[in-house]
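FYI, in full-length UniProt numbering the residues of the sequence shown are 1 to 188.
In this text, a Cβ means the ideal position worked out from N, Cα and C, and glycines have one as well.
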Amino acid sequence: MHTSLACGNWMPIGCLNHHTQLFVGDMVTVTFYDTQGELVDLSFKYEIITEEQGGPHNWPRFVAEYINTHIPLVAAGRMTEQGLVVAYRSNQIYTLEGCGITRAELTFKCIAKCDDCQAVKPAYDYIYPEKCSAYNAGVKVLQPKTGLIYKCKPWPFSQFCNVKEENNPLYEPGVGESWHLAWQQISP
């Protein structure tokens, strides 16, 4: 765990909240980006080398521990009253506000037979509230507060998707009082 967690504001940039069973030889790639594109020096591949590592409750914890040990300005885990704790499943990826890192994406390369694995593209278009004025019908967002993905409903409900959270928190996906009017939860 980073000792510098108290030395700045940490903002969520991605999520290790996947319920995918991985197998020996499969690979999880974590790619970090800034506004200019991919940060090659920070991005990494994590190969599953044991059956235990590939469990849907285990590999998110192992990847979070790897991030906390090897990637500067980035931390992974769950924010609790005691601070950042690496958990089984559902770990968020955070970065120090102002460091320039804007998002983290996970992709999977499955060499074993794996019906659950989907590679190349993340399951969401944006991390909420990133570029919220561009949201329209069909846009998928990762809500860092819940770790879940939400899809903007079709018109006329889509007009409520692109309302910035501080202006109208009623429609904030997953947490606003009326979020169901604008969003559909698509991840468990």
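- Closest by C-alpha distance to G77, out of G25, D34, P12, is P12.
- Per DSSP, reduced to three states, the secondary structure at Q53 is coil, with no helix or strand assignment.
- Using a Cβ distance threshold of 8 angstroms, Q92 and P144 count as a contacting pair.
- Within the model, the alpha-carbon separation for F157 versus E105 is close to 28 angstroms.
- Between W179 and K151, the CB-CB gap reaches or exceeds 8 angstroms.
- Under the DSSP assignment, Y171 falls outside any alpha helix (DSSP H); it carries neither an H nor an E label.
- In this structure, T102 lies away from T31, with their beta-carbon atoms at least 8 angstroms apart.
- Between K109 and Y124 the beta-carbon gap is near 19 angstroms, outside 8 angstroms, which marks them as no contact.
- Under the three-state reduction of DSSP output, V139 falls in the coil class, being neither helix nor strand.
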